[in-house]
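Asker: Here's a structure for you.
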Amino acid sequence: MAGLTTCAVALPLALAFGVSSGATASAGLITAIIAGCLTCALGGAFYQISGPTGAMAAILMSLVATYGIQGVFAATFMAGILLILMGIFKVGRLASFIPGPVIAGFTSGIALIIALGQLDNFFGVTSVGSSTLEKIASYFTVGFSPKLTSILFGLCVIVFMFAYPKKWNAVMPSSLVSIILATAVCMIFDIDVPSVGAIPQTIISEDRFSLASLNLSQIGAFISPAISIAALGMIESLLCGASAGRMTGKMLDNDRELVAQGISNAVLPFFGGIPSTAAIARTSVAIKSGAKTRLAGILHAVFLLVSMLVLAPVMSRIPLASLAGVLIVTAWRMNEWETIGHIFKNRLITSMIVFSVTMVSTILFDLTVAIVIGIVLTLIVDRSLFPKKLSFGKGKKDKKAEE
1475 MAGLTTCAVA LPLALAFGVS SGATASAGLI TAIIAGCLTC ALGGAFYQIS GPTGAMAAIL
1535 MSLVATYGIQ GVFAATFMAG ILLILMGIFK VGRLASFIPG PVIAGFTSGI ALIIALGQLD
1595 NFFGVTSVGS STLEKIASYF TVGFSPKLTS ILFGLCVIVF MFAYPKKWNA VMPSSLVSII
1655 LATAVCMIFD IDVPSVGAIP QTIISEDRFS LASLNLSQIG AFISPAISIA ALGMIESLLC
1715 GASAGRMTGK MLDNDRELVA QGISNAVLPF FGGIPSTAAI ARTSVAIKSG AKTRLAGILH
1775 AVFLLVSMLV LAPVMSRIPL ASLAGVLIVT AWRMNEWETI GHIFKNRLIT SMIVFSVTMV
1835 STILFDLTVA IVIGIVLTLI VDRSLFPKKL SFGKGKKDKK AEE
């Protein structure tokens, strides 16, 4: 039962994050299936459920725009190798020294990137540019002609997800229900609205990575995004493991988890998948649904595969605006609101500066640069904050409804 329930949560998110990353819905599904199976079998604890996440999709947007999907495959493969090395050399323990305001800052920055990145699908328009800011600017230079049907689908999904009773999420997640309803309305009334498009009924995509296609002259260009992908993979997976460990009383083997995440990310491009990390929404659902062994995570991947093989024609009709609505709500919920509220309510000047600068840096630069800026700034403005490290083994449970 835990595997089926987790599949219900993972399915709409896999589709949404596949599309939002600039890849395809099928790439998101392939990632959830392969990563879900591999990391459950090899990971640092039985409860970790991996797949595409919103934070990772935010990193991929500019990478896809600049280098195309093959660039994503190359960077993902390199990130997988880096994660394996991180696990072998026990680098994971260093992540626990990233200050809380830095984590909250880059999380909010990523959330804003995700939300802004969905404006095209929400309004039913097409923008140009390699970054989110460039795409928004193109609305004023190229033109902006929003479609009413797309806006209505997006708004209805947002309102529905916020109004959906929390107690029902344990039975049927609001993201899945909203997408089912939107797709049904679209099909029944034959509404002309941009949709997901064809989803191949196979886990081996025609558009996949090959070492022979890797241009050695471009490897240098992929180093920075590979480091960002690996860093985010490490941070998200260990944060997820810390939260899940407190829920189950069984701590995560950090080094083994990083090796498993590395293997998964090194393998995914050869199937046509995008980067994956452990995801707290899926993991917490699995635990609350009674997952006791690694079989729950593996079955969740099997159910996703069956859904892909059987429901591909229906999923191809999902309105992109409905996925945009899901992602906008997800972006809102992924913010560390408790931490942000504590920082600003108590007027913690140092933390306010670090949070704000890290958030802006995440939007303007990339994750790795933002984290470095946040840590350096913390050391400069208040050395006393740094020893108060982010705990991966103790503390209150992380509160996130979606990735």
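Heads up, the sequence shown is in my numbering, so the first residue is 1475 and it goes up one at a time.
The beta carbon of each residue, even a glycine, is placed where N, CA and C say it ideally should be.
All values reported here derive from a predicted model rather than from experimental measurement.
#1: When the Cα atoms are used, what is the spatial distance from residue 1731 to residue 1711?
#2: Please name the residue in 1640, 1503, 1632 whose C-alpha comes closest to that of residue 1525.
#3: Nearest-angstrom Cα distance between residue 1868 and residue 1815?
#4: Quick check on residue 1600: does DSSP put it in helix, strand or coil?
#5: Apart from the five residues on each side of it in sequence, which residues of its chain come closer than 7 Å, Cβ to Cβ, to residue 1870?
#6: Per DSSP, which one or two residues make a beta bridge with residue 1669?
#7: Quick one: Cα of residue 1494 to Cα of residue 1519, how far?
#8: Please identify the residue among 1830, 1846, 1782, 1544 whose C-alpha is closest to the C-alpha of residue 1686.
#9: Nearest CA to the CA of residue 1658: which residue from 1855, 1830, 1789, 1479?
#10: May I ask you to verify whether the segment 1802-1820 touches the segment 1700-1717, counting CB pairs closer than 8 Å and requiring at least 3?
#11: Kindly indicate which three-state DSSP category residue 1527 falls into: helix, strand or coil?
#12: Of the choices 1632, 1579, 1728, 1643, whose alpha-carbon is the least far from that of residue 1481?
#13: Cα separation between residue 1574 and residue 1822?
#14: What would DSSP say about residue 1751, mapped onto helix, strand or coil?
#15: Can you tell me the Cα-Cα spacing of residue 1591 and residue 1631, whole angstroms?
#16: Quick check on the DSSP output: the alpha helix (DSSP H) that includes residue 1661 runs from which residue to which?
#17: What's the call for residue 1651, buried or exposed, on a 16-neighbour Cβ count within 10 Å?
#18: Would you kindly work out how many angstroms separate the C-alpha atoms of residue 1649 and residue 1625, rounded to a whole number?
Answerer: On the basis of the data shown:
#1: Computed Cα separation, rounded: 8 Å.
#2: Restricting attention to 1640, 1503, 1632, the CA atom closest to the CA of residue 1525 is found in 1503.
#3: Confidence is the limiting factor: at residue 1868 the pLDDT is only 42, short of 50, which leaves the residue's position unreliable and the question unanswerable from this model.
#4: Note: residue 1600 maps to coil in three-state DSSP.
#5: Reliability of the predicted coordinates at residue 1870 is poor, the pLDDT of 44 falling under 50, and the value obtained from them is presented with this limitation in mind. Within the same chain, residue 1870 has no close Cβ partners at all.
#6: DSSP lists 1793 as the beta-bridge partner residues of residue 1669.
#7: Those two C-alpha atoms are separated by around 29 Å.
#8: Taking each of 1830, 1846, 1782, 1544 in turn and checking the Cα distance to residue 1686, the smallest one comes out for 1544.
#9: Taking only the C-alpha atoms, the option nearest residue 1658 is 1789.
#10: Judged by Cβ distances under 8 Å, the segment 1802-1820 makes no contact with the segment 1700-1717, as fewer than three pairs qualify.
#11: Residue 1527: coil per DSSP, three-state reduction.
#12: If we check each option's Cα against that of residue 1481, 1643 comes out closest.
#13: Near 12 Å, if we compare the C-alpha coordinates of residue 1822 and residue 1574.
#14: For residue 1751, the three-state secondary structure derived from DSSP is strand.
#15: Their Cα atoms are separated by approximately 17 Å.
#16: Residue 1661 -> alpha helix (DSSP H) spans 1648-1662.
#17: Burial call: buried.
#18: C-alpha separation (whole angstroms): 17 Å.
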